[in-house]
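**Q** Numbering (UniProt numbering), first residue to last: 1 to 214. Glycine is no exception: its CB is placed at the ideal position from the N, C-alpha and C atoms. The structure under discussion is supplied below as structure tokens; questions concerning it will follow.
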């Protein structure tokens with residue numbers, strides 16, 4: 001469960017998911033649900049039976065990453081700590097939402113598999129994780145602009161499809177978002193700052209009752 005993650009891993013997952021979601025105009029709960037399903041860690045390489053590997057925090061498959069080599073993307077980039085793997089995942093998820101068929105969660109589950117039985121299992125886990133993150137946000141007093149209904153939000157597909165999509169993923173040297181990431185604002189003065197080690201960008205977390213401003 002996301003709430004059981006070590007603090008540093010959870011912080012990276014939340015902050016990077018929010019930054020990548022802002023870049024690709026996705027609801028952050030979508031990306032957080034996928035990140036929780038994949039449950040990867042920076043630097044992690046998981047070998048599959050077919051000889052490929054799933055790498056990094058978002059467990060991007062090396063066979064898929066090979067198709068991004070023309071954009072200068074490497075498996076090593078996806079495996080490193082920081083937000084870049086989340087940006088790659090968000091770009092891919094956005095393309096599934098825009099181009100694929102089915103309700104929103106079925107399209108998002110295509111990140112894992114187009115095979116119906118595998119897609120269905122992954123989809124159900126996505127819904128559970130999205131609800132868990134919704135509850136986590138609410139328990140911490142966090143407000144988002146658009147928390148999706150975790151019960152199969154098919155109506156969300158049209159809204160996501162109408163948003164622009166890049167023809168290629170964010171390149172490593174372009175890691176800084178083109179728009180400001182969601183800012184986390186809290187009432188207390190005590191702050192904790194997470195800085196993406198691949199860039200100079202950072203997001204400030206302050207203590208109680210935050211609001212995420214999109």
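1) By the three-class DSSP mapping on this structure, what secondary structure does residue 20 have?
2) Using DSSP bridges, identify the partner residues of residue 60.
3) Can you tell me whether residue 97 is helix, strand or coil according to DSSP?
4) Below 8 Å between beta carbons: does that hold for residue 18 and residue 40?
5) For residue 43, tell me which candidate among 76, 25 and 135 has the shortest Cα-Cα distance.
6) Name, in chain order, the residues that DSSP records as bridge partners for residue 47.
7) Taking the Cβ atom as the reference point for each residue, do residue 93 and residue 104 lie within a distance shorter than 8 Å?
8) Indicate whether residue 90 and residue 23 have their beta-carbon atoms separated by less than 8 Å.
9) Helix, strand or coil for residue 72 per DSSP?
10) Leaving out five residues on either side along the sequence, give the residues of the same chain with a beta carbon under 7 Å from the beta carbon of residue 123.
11) When you compare the CB positions of residue 130 and residue 29, do they come within less than 8 Å of one another, or not?
12) What's the gap between the Cα of residue 66 and the Cα of residue 74?
13) Please report the distance separating the alpha-carbon of residue 38 from that of residue 142.
14) Measuring CA to CA, which of 118, 55 and 81 is closest to residue 15?
**A** From the atom records:
1) Here DSSP, grouped into helix, strand and coil, assigns residue 20 to helix.
2) Per DSSP, the beta bridge partners of residue 60 are 55.
3) Residue 97 falls in the helix class under three-state DSSP.
4) Not a contact, by the Cβ cut-off of 8 Å.
5) Measuring from the Cα of residue 43, the nearest candidate turns out to be 76.
6) DSSP output for residue 47 lists 53 as bridge partner(s).
7) For residue 93 and residue 104, no; Cβs fall outside 8 Å.
8) At the C-beta level, residue 90 and residue 23 come within 8 Å of one another.
9) Residue 72 falls in the coil class under three-state DSSP.
10) The answer, listed in chain order, is 105, 106 and 109.
11) Taking 8 Å as the cut-off, the Cβ atoms of residue 130 and residue 29 count as close.
12) Here the alpha carbons of residue 74 and residue 66 stand approximately 7 Å from one another.
13) The C-alpha of residue 38 lies about 24 Å from the C-alpha of residue 142.
14) Closest in C-alpha terms to residue 15, from the list 118, 55 and 81, comes 81.
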